[in-house]
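Numbering (this note's numbering), first residue to last: 521 to 716.
Written out as structure tokens, the structure is:
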């Protein structure tokens with residue numbers, strides 16, 4: 521915003537003091553080159569620190585929400601354009617907020633972003649990495665970086681009371697222990713019914 525105002529001010533000065541278009545035709549390109557090097561600061565994604573907090577690392581498959589908070593701190597120069605994407609598992613949907621943001625970040629500024637999602641498949645999953653794209657106001661300098669901020673969580677089957685479980689007893693069940701089940705499989709994990 522400040523850069524745009526300064527450009528307008530300089531152009532007004534040119535039109536006021538230089539009525540000869542030939543002179544203005546030389547000065548304007550020189551000023552544009554000047555603003556390219558001065559007004560467009562280099563942005564450094566390495567100066568960003570990202571931390572993640574999740575509300576739970578274990579949820580039932582009924583669709584309980586997992587709340588996520590990302591804390592982003594900028595230790596470098598001002599970042600006029602900052603794009604952040606927090607990667608979620610493919611079997612998930614974002615229910616509150618968004619996991620994709622576009623914002624600007626001042627020097628030494630720290631912000632907290634939040635969203636909530638559901639995972640619709642049982643198993644063990646991870647959130648992350650966080651993808652970040654930084655660029656200056658004119659998109660002359662841009663940088664893409666992947667932050668290995670990983671959080672793990674599990675989606676477990678909902679508990680079923682045994683008396684309500686439809687069991688066809690064509691063979692004897694063990695008195696106790698794990699019973700392998702084709703119905704209780706999940707991504708990166710395996711589940712068993714358990715008799716006590």
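No residue lacks a Cβ here, since even glycine has one placed at the ideal position from N, Cα and C.
Reduced DSSP secondary structure (H/G/I, E/B, other) of residue 606: strand
Minimum C-alpha distance to residue 641 - residue among 673, 570, 667: 673
Rounded Cβ spacing between residue 590 and residue 633 (contact assumed at less than 8 Å): 5 Å
Beta-carbon contacts of residue 617 that lie in its chain and below 7 Å, excluding the five residues immediately before and after: 634, 635, 636
C-alpha distance - residue 571 paired with residue 592, whole-angstrom precision: 7 Å
Assigned exposure category for residue 656 - 16 Cβ within 10 Å defines buried: buried
Extent of the continuous beta strand (DSSP E) run through residue 590: 586-594
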